[in-house]
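Enquirer: Those sequence lines, one after another, are chains Y and S. All residue numbers for the first sequence refer to my numbering, where the first residue is 15 and numbers rise by one. All residue numbers for the second sequence refer to my numbering, where the first residue is 5 and numbers rise by one. Every residue, glycine too, gets a C-beta built ideally from N, C-alpha and C. Note that the structure is predicted; figures quoted are calculated from it, not measured. Take a look at the following structure, please.
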Amino acid sequence: MVRCFLIHTVCPVSALSAGESRVLYSRVFGPDDGVLSERHRELSPEERRLLQKEKVAAVARQVRSAVSLSREASGRLIVETMPGEENLALQDADCGVVRLRAGDPFSEETSALWLGVQSLGFTLVCEPHENLLLAEGTLRNLTRHCLEHLHMLGQGSEVLLKSNRIDVLLSRLLPHGQLLFLNHRFAQSLEKEVAAYMAK
Amino acid sequence: MYSHASESLIKQAREIQVSELQKFYSRLMKMLQGKELGHDTVDSLQRLHLILSATKYTRTLPLELQKRFVALLSSPAEQHQVLSAAVLRETLPLTGQELNYNHQLNSHAAGLLLSQVGRTEIERLSLLLHYCETCIYKTHHIILQLSKKLVDWLRYASVMQGVGTSSGGFFTGPRSRQPVPIAELDGSVSGDFFTVLCVGQGFTEDQWMNVYSFSMLRHWLLTYHSSCSTTVDADDRSEVDGSVVSMVSATSSSSRLLPPKERLREKAFQYCQRLIEQSDRKAHKKTDTELQKACLVEAVCILDCVCVEDASLVYRTFPCIKALFGRLSSELSYARVLLPIAQFYLNHGEIAAVDCENVWKVVFGRFPTELFNDPFLAHELLRFLRLNLESIELRVPQYTRYFPNLLKFLAWDSPAMVDDFVDLLPSMVTTGTAVELLHTLLDLPCLSATLVLQHRSTCLPISEPVGRSFVSLDAFRNPSFRGLFLFLLRTEAGSGDTMDRLSTLHELLVEAADWPRVTQCARTVPVLLHVFFNTIVTIADEKLLAHLILVMLERSSLLLNIPAYIKEIHRVFSCHLLRLCKLHPSLVVNQSHELLEFAGSTANVYSKEELYTHVVWVLGEYLSVSCDSRCSVSLITSCFEALEAVLFEITSSAPPTGKVCPAPKVINTLMSALAKLASRSHDLIPRVSLFLSKLRTVTRSGSVAWCSDEEDLVAIVTRGEELWSLLKAPGVAQSVLTPPPHVIAPQWHRDTNVALPLQLRALTSLTHSQ
């Protein structure tokens, strides 16, 4: 099962300190990590939400760090692409996976797969025993849809103001955090549904 | 991509005033009263979501508004469901009363339910499968029911294509079409049951459930078929006669008689075998080829699961896995599929008495060589090692020989891999390969540079003129240096501890010192060295430790020239030299020749100050009869003379050009060492006293060329005086300077009571007449 999906900055943000990342979208799946672990049973729902937000922020920070180190090592220059060039942006994207140790931040070990598209990172945190090949494909697919449907290569803020589109995308391609084995026909069928929703 | 506008939107959302927010809530309340919700309302709902999610602190909605959202969850319009679920996710959950779902649950409401309340696994999965059914009652029969459903969906889904969903427009054919069978990914008609790798124009409901069921099958098997979930067995057994179960589990024909769990296992087995066969077909689309790979991984993992549950299935499964290995072992693009296959071999190879040698040759020998730059493969391979370490150490003893190859993952992408190697390195440390491993770790930045060169070499054609001067790239392609690089790129240990022409290699790679990949790698080496030494002290004998000390001394000047790197390595060496000598004091006498050679070289004071200080300290501390009976007077004398010479030299002239003055610590350590040695061989005391009195005289006349700071000079002189007065009482001196073990054993709770400086100060004040 996928623990969470996030979209966050991987570039420097003036309002934040150097290593911080601004989370633009986050969706956590499944029973709350806090409920499952002994330590957090006594927390109030408010504290649990806070804890969850902080865990998501911790993931974003670690991925941000991984992305910048990876880009530094590869020496590749980030090329800005125009709206309409989503496929190119995706092709140029760097990718990798961060091992998140047990307790940092989730109670068990997880793997955070990331795609760095220019100044933003798209991250999928997977539980152990997850099919990472499938997760990688799903992440790429999700990212492509987000870039297209939210016009993310432009200067707009639709990722913030039209987040319900991402919710619907996730409900089809990653229902309740479940990765799906979709061949191109199944995927097409789901994508038609999504497109129909977006058109409204 | 990320604009100023977005940033300011978030800022606004976070800083919204309470009064403004209350107004917004009331406006929303009015908007939501109406039956139809227009675009304005949708936009406002979206803004509300942004306001709520932009901050980590929870904002409470007014109860009326919250209830309105709960009602909106069951709206027929999906947009309303999505938005209300999104908003409710960001606020505090309501108590059970309000979230009472007796009616149909849509996916978004279900998701909300799952995230806010701690539902059990079984409910989560049932909700996933049954969007429309109410299964929210806690009973173990649900597992049985769902097992049966899963079997139906996996094995008996329709083999006819469904009607195309939005097939309006161009492709509206006559309604009374013949039902068309499903097809394979290569276009041929399907000859067997429906799976995720089958296509059609449209899909039936049970075909969808086939996809969902397979997608969660492994999770289901792991959760409900593991040995701890035995509560349902009683019900299983009641369905079938006990004796029949054991007989039929080995065969596939009479599976209808099997209890649900076994039946599901059998169907899962068949499904996976079919997937493996289907993956051999050439798919028309690239995304489908990728899906085939993912299916192979999943199929092998599930087969592994079911074989763990029921060992008798191993015999039926192995031929298939073996054939798959044979088919894919030479295809690098299928490398990630080979890892679950390796897992299968590891888990079941012994039972089936299958030779796994080839598998490990590919996994340890080939993958790191060819695919060191694939971050996903690296992650999965190292995780495979971590999770199966015990088993691998037992069944694949040759694993420890492959460290030169495995370290390539680290050399290429250190930040991502260092964590895994901190966990794995101890398993790679053996007494047989320890020296080679130490050399390999020290040369990781060189390996990193080499991999970069190898990568560039394959990307840049040879004839193309390179813009910047790539001396290293030319060297890499030069046949006379081939041997050096080939040694670094070796796959297995055992062909030699290190190479002869290390300094040549370092010269060739001098420009690599500021390549980011190389500097990132260099930063991780100290960490790994600590892990190495921490492990080696537990298994090495004195002979090996002596050898390691020699390696440290030798390599201290043979490192790739990255200044911060060299300094850090010296620091690590110092720390562990101290530790090793403390554990085995006789090492100092054993290796006195090499240690003296190091300590007697004045150049080392300036270029390797930290390490030098520690070498001098261990000489002073452990070169004594009480540590090793072979320590002779002549040995002590020759050590004394070597150190004395260096001390004279560094305190009589300015440092050589380009070097800084030696730190007071070096000089103090030298003086202390001389004093300690003299206290063991009293003939030497006059020589020390002479030096110390000369030191006092010289420094009284003002500043000196070899010490730039006045305070430092004072510290040195003070220490000199303390030692001088201590040596006036030779008998006492020895026990003060080198306390016998029972004195330094922790009988006191606070070390500061027995600290040497304090003792000296006390004695000085006692013995000083003025």
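#1: The beta strand (DSSP E) spanning Ala126/Y covers which residue range?
#2: At a CB distance below 7 Å, what residues from the region 62 to 84 of chain S approach chain Y? Give them in sequence order.
#3: Answer yes if the region 444 to 457 of chain S comes into contact with the region 509 to 520 of chain S, meaning at least three C-beta pairs across the two stretches below 8 Å, and no otherwise.
#4: Identify, in the order they occur along the chain, each residue of the same chain with its Cβ nearer than 6 Å to the Cβ of Leu386/S, setting aside the five sequence neighbours on each side.
#5: When you check each C-beta in the region 90 to 105 of chain Y against every C-beta of chain S, which residues fall closer than 7 Å?
#6: Measure the alpha-carbon distance for Asp716/S versus Phe652/S and round it to whole angstroms.
#7: Where does the unbroken beta strand (DSSP E) through His35/Y begin, and where does it stop?
#8: Could you check where the alpha helix (DSSP H) with His8/S kicks off and where it finishes?
#9: Measure from the alpha carbon of Ile180/Y to the alpha carbon of each residue in Gly191/Y, Leu156/Y, Gly168/Y, Asp106/Y, then state which is nearest.
#10: According to the neighbour-count rule (16 or more other Cβ atoms, all chains shown, within 10 Å of its Cβ), is Lys547/S buried or exposed?
#11: Check Leu134/Y in the structure and name its three-state DSSP category.
#12: Where does Cys463/S land, buried or exposed, given buried means 16+ other C-beta within 10 angstroms?
#13: Chain S partners of Cys25/Y, CB-CB under 7 Å?
#14: Answer with yes or no whether the minimum CB distance from Arg340/S to chain Y is below 8 Å.
#15: Residues of chain S with a CB under 7 Å from the CB of Met212/Y: which are they?
#16: Please check the pair Val163/S and Ser194/S, which I expect to be a contact at CB under 8 Å, by giving their CB distance rounded to whole angstroms.
#17: Starting from Val664/S and walking both ways along the beta strand (DSSP E), at which residues does that stretch end?
#18: With DSSP collapsed to three states, give me the class of Phe19/Y.
#19: With H, G and I counted as helix, E and B as strand and the rest as coil, what does DSSP make of Cys202/S?
#20: Determine the direct distance from the alpha carbon of Asn672/S to that of Glu558/S, and round the result to whole angstroms.
#21: Give a yes or no on whether 8 Å exceeds the smallest Cβ distance from Phe195/Y to chain S.
#22: When you compare the region 371 to 390 of chain S with the region 410 to 419 of chain S, are there three or more beta-carbon pairs, one atom per stretch, that lie closer than 8 Å?
#23: Which of helix, strand or coil does DSSP assign to Arg780/S?
#24: Output needed in chain order: residues of the region 278 to 303 of chain S with a Cβ under 8 Å from some Cβ in chain Y.
#25: Counting only beta-carbon separations shorter than 8 Å, does Ala90/S have a partner in chain Y?
#26: Does the beta carbon of Ala649/S come closer than 8 Å to any beta carbon on chain Y?
#27: Using the rule of at least 16 other Cβ atoms within 10 Å of the residue's Cβ for burial, across every protein chain shown, is Met96/Y buried or exposed?
#28: Can you name the residues of chain Y whose CB is closer than 8 Å to the CB of Gly42/S?
#29: Less than 8 Å between the beta carbons of Ala550/S and Asn608/S, yes or no?
#30: From Leu391/S, Phe485/S, Ser476/S, pick the residue whose C-alpha is nearest to that of Arg460/S; which is it?
#31: With DSSP as the reference, label Asp518/S as helix, strand or coil.
#32: Work out the CA separation of Glu150/Y and Arg17/Y for me, nearest whole Å.
#33: Going by other Cβ atoms of all chains shown within 10 Å of its Cβ, with 16 needed for buried, is Gly500/S buried or exposed?
#34: Is the CB-CB distance between Ile14/S and Arg36/Y below 8 Å?
#35: With a cut-off of 8 Å, does the C-beta of Gly204/S fall near any C-beta of chain Y?
#36: Run the CB neighbour count on Ser10/S, radius 10 Å, all protein chains shown included, and call it buried at 16 or more, exposed below.
Expert: Inspection of the coordinates gives the following:
#1: Start and end: 124 to 131.
#2: Thr62, Glu82, Gln83
#3: yes
#4: Asp424
#5: none
#6: 18 Å
#7: According to the sequence displayed, residue 35/Y carries Ser and not His. Here Ser35/Y belongs to no beta strand (DSSP E), and DSSP marks it neither H nor E.
#8: 8 to 19
#9: Leu156/Y
#10: exposed
#11: Three-state DSSP puts Leu134/Y in a strand.
#12: By the neighbour-count rule (16 or more Cβ atoms within 10 Å), Cys463/S is not buried but exposed.
#13: Tyr6
#14: yes
#15: Here the premise fails: no neighbours, minimum Cβ distance about 10 Å.
#16: 7 Å
#17: Run containing Val664/S: none; DSSP gives neither H nor E here.
#18: strand
#19: Under the three-state reduction of DSSP, Cys202/S is assigned to strand.
#20: 25 Å
#21: The Cβ of Phe195/Y sits closer than 8 Å to at least one Cβ of chain S.
#22: yes
#23: Look at the range of chain S in this structure, 5 to 774, and you will see that residue 780/S is not part of it.
#24: Lys289, Thr291, Asp292, Glu294, Leu295, Lys297, Ala298, Cys299, Val301, Glu302
#25: yes
#26: no
#27: The residue in question, Met96/Y, is exposed, as its Cβ has fewer than 16 Cβ neighbours within 10 Å.
#28: Under the 8 Å cutoff, chain Y gives no residues; its nearest Cβ is about 12 Å from Gly42/S.
#29: no
#30: Ser476/S
#31: helix
#32: 14 Å
#33: exposed
#34: With respect to the 8 Å criterion, Ile14/S and Arg36/Y are classified as neighbours on the basis of their beta carbons.
#35: yes
#36: buried
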